[in-house]
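Numbers -18 to -1, 1 to 598, taken from mature numbering (1 follows the signal peptide of the UniProt record, and there is no 0), label the letters of the sequence shown in order.
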Amino acid sequence: MTRFLYFVFIFFIPFSVSLNQEGRFLQLLALGFDDVNGFFSDWNESNVAGGGETPCNWTGVTCSKPGTGFVTSVDLSNANIAGTFPVLLCRLTGIKFISLYNNSVNGTLPEELSTCRNLVGLNLAQNLLTGELPVTLSELPELKFLDLTGNNFSGDIPASFGKFETLEALSLVDNLIGGRIPAEIGNISTLKHLNLSYNPFSPAPIPPELGNLTNLQVLWLAGCNLLGPIPDSLSRLGKLVDLDLSMNKLTGSVPSSVTELVNIVQIELYNNSLTGELPEIGWSKMTSLRRIDISMNMLTGKVPGELCSLQLESLHLYENDLEGEIPEILSNSSNLYDLRLFGNRFSGGLPAGLGKKSPLTWVDVSNNLFSGGIPASLCDKGGLEELLMLHNSFSGEIPASFSTCKSLKRVRLGYNKLSGEIPVGFWGLPGVSLLELVGNSFTGVIGKTVAGAGNLSTLNIGNNMFSGEIPVEIGLLGSLVEFSGGNNRFSGELPRGIVDLEQLTKLDLHNNGFSGGIPGGIDCLKKLNELNLANNKFSGHIPDTIGELSVLNYLDLSGNQLSGKIPFGIQNLKLNQLNLSSNLLTGDIPPVYAKKSYIDSRGGPLLGPGVARATP
């Protein structure tokens, strides 16, 4: 009987007798996880190495020697497993690297993790871990890389973290960590990367002790509820290449000590409450600086010439109170691809050679006081995708060279003092999805080349002096969603192809000289939400099928020469605005609109006096 029970016990043991102890530990680890994708399917005794003993062939397992030796790394990244952190990993005496990145590891992180004495790297980012950070983590004497990003850790950063002896990278991004950033962090002399961004820390200044981290290369403290001035002590971070203090409540000026960061490549200070002027001198020492973003602050004064003399790739100064001219030397940068200056009080002209040497991709100088012409060189490198220059006082014509800028996707030149005819090729740029020329003094016609603008979804050319007929090619723009051309000098009939624009939601051509009838087949515009053809010379009947535009809520046909009866089906529409006044309509008013409030109301839908005369 005893021998039988012994046999049964051996039969049900979950390990192969040939598997070594490390393999058995890993099998126990796998049993602790929900494994919906079968990540651990090859973690078994039939897939062993080293004479049939080691787990070195298993997925995610690395050993000290290829296929043999002891386990040094367990990488379960993106395995879609769920469960608590397996302290059993620390039983693997040679383990140096553990990654459970992007899984559903939950619960708290146990204090016993400190028993992984040889651990060099620990990546538990993008999981569901909760609770406080273990104070014992700093007891790991070999730990260099600790990434706990994207969990739900709470509480304070333990002061004991200042005792790390070899830590080079610490990332606690996007958790629920509170309290203050401990000054003790400044004691980790080996630290190269510190990323504490997007945690709900208590409002507090930047610890000046961070200036002691003289080996630091990356300092990211975005969205950390920081307040007060930027401490001068950060100027001691001579090896720093990336500084991000954005989305805080920092006040005071941008200190001149920032220009001591001679190896810096990127500075991000956007969305704070910084005031005063930018340092006038010192920028020329920062020869490595490529990207700077100080937007959404309250900066005043001018842009320093020294800053613009650098080989910048990206310059973001938008939404401040900066003024003066942009230094001409900015156009000497051969790297500049992103220039965003909108929402300031800049004046004068843009640098004449802007884009001649640099591969500009995005230019947004909207809402300033710029004047003069548009630099013809903006498209010289052929990479410009977005050009936004609305609400300035730019004058002159659109350069003919813009017709060759095939990479353009969005163009907003509205509300300036631009004039002349649009270059023919400009109408047909194949990549443009938004073309906004509203509020200028452009003349001429819409070119037939518009047929080539296959991606155009918004065409806003209202409040200009365009004339002639709308070309029939407009009907080929299958992606067109909005066509606004009111307050121009267009004439002739609407092309019948306009009813082929099945994606159209807005058609606004009021205050022009259009004549002829409203095209039949208008009911094909099933997505039309706004139709404004007021103050033209349209004649004939209102199409009966207009009542089939089920999503229409704005209809203005006033000030034309339309005759006949108001279509009865119009009462099926759910209109917020209706104006059919000043036409030659006769007959009965549809019952829904026969009420006095609809006939002459100014506060709601408007038919206006004399729209239709009810039959006696």
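Positions of the beta carbon are idealized from the N, C-alpha and C atoms, including for glycine.
Query raised in the report: If we count Cβ pairs, one from each stretch, closer than 8 Å, do we get three or more for the region 419 to 435 versus the region 478 to 487?
Result: no
**Report entry** Cβ pair count under 8 Å reaching 3, the region 289 to 300 against the region 313 to 320
**Finding:** yes
**Report entry** K78 burial status per 10 Å Cβ neighbour count (16 or more: buried)
**Finding:** buried
Query raised in the report: In three-state DSSP terms, what is Y536?
Result: strand
Report task. Pull up the distance between the alpha-carbon of S270 and that of L232, whole angstroms please. Result -> 25 Å
Report task. Along the alpha helix (DSSP H) that carries F79, what are the first and last residues, could you check? Result -> F79 -> not in any alpha helix (DSSP H); beta strand (DSSP E) instead, spanning F79 to S81.
Query raised in the report: Using the rule of at least 16 other Cβ atoms within 10 Å of the residue's Cβ for burial, across every protein chain shown, is K47 buried or exposed?
Result: exposed
Query raised in the report: How about L567 and L531: are their beta carbons less than 9 Å apart?
Result: no
Report task. Put T75 into one of helix, strand or coil per three-state DSSP. Result -> coil
Requested in this report: Could you tell me the distance, in whole angstroms, from the CA atom of F135 to the CA atom of I456?
Outcome: 57 Å
Query - Boundaries (first-last residue) of the alpha helix (DSSP H) holding F7 - result: Q3 to L13
Query raised in the report: Near N169, which residues of its chain fall below 6 Å by C-beta distance, leaving aside the five closest residues on each side in sequence?
Result: G144
Query raised in the report: Would you call M229 buried or exposed, if buried means 16 or more other Cβ atoms sit within 10 Å of its Cβ?
Result: buried
Query raised in the report: Got a sec? Which residues, its chain only, sit under 6 Å from V117 by beta carbon, not counting five neighbours each side?
Result: P140 and S142
**Report entry** Expected contact under 8 Å - CB spacing of I167 and L192 to nearest Å
**Finding:** 7 Å
Requested in this report: From the DSSP output, read off the bridge partner residues of G522.
Outcome: L544
Query raised in the report: Closest to F352 by CA distance: which of L222, K399, E379 and W409 is it?
Result: K399
Query raised in the report: By how many angstroms is the C-alpha of E368 removed from the C-alpha of V223?
Result: 28 Å
Query raised in the report: Of the residues D570, V56, L513 and S521, which one's Cα is nearest the Cα of N561?
Result: L513
Query raised in the report: What runs of the beta strand (DSSP E), each 3 residues or longer, lie entirely inside the region 100 to 149?
Result: 103 to 105, 110 to 112 and 127 to 129
Report task. Over the uninterrupted alpha helix (DSSP H) stretch that includes C290, give me the two end residues. Result -> G287 to C290
Report task. Take the Cβ of P333 as the centre, count every other Cβ of all protein chains shown within 10 Å, and call the residue buried at 16 or more, exposed below. Result -> buried
Query raised in the report: Under the three-state reduction of DSSP, which class applies to C361: helix, strand or coil?
Result: helix
Requested in this report: Answer with buried or exposed for R99, where buried requires no fewer than 16 other C-beta atoms within 10 angstroms of its C-beta.
Outcome: exposed
**Report entry** Counted within 10 angstroms of its Cβ, other Cβ atoms place E301 as buried (16 or more) or exposed
**Finding:** buried
Query raised in the report: Which of the three DSSP states, helix, strand or coil, is assigned to P(-5)?
Result: Note on P(-5): pLDDT 45, under 50, position unreliable in the model; the coordinate value appears next. DSSP places P(-5) in coil when its eight states are reduced to three.
Query raised in the report: L1 to R73, Cα distance in whole Å?
Result: 16 Å
Query raised in the report: Mapping DSSP to helix, strand and coil, what is A165?
Result: helix
Query - Same chain, Cβ closer than 8 Å to F183, five either side skipped, listed in chain order - result: I159, G160, G161, R162, I163, C206, N207 and L208
Query raised in the report: Which residue from I188, L416, D138 and K126 puts its Cα closest to that of S171?
Result: K126
Requested in this report: List the endpoints of the continuous beta strand (DSSP E) containing M280.
Outcome: M280 to T282
Query - Pick from I548, P412, F465 and K519 that is closest to L510, judged by C-alpha positions - result: F465
Query raised in the report: Mind checking whether S296 and R327 have CB atoms under 9 Å apart?
Result: no
**Report entry** Segment limits, beta strand (DSSP E) that includes S296
**Finding:** S296 to H298
Query raised in the report: I274 by DSSP, collapsed to three states: which one?
Result: strand
Query - Proximity of V53 and P37 at Cβ, strictly below 9 Å - result: yes
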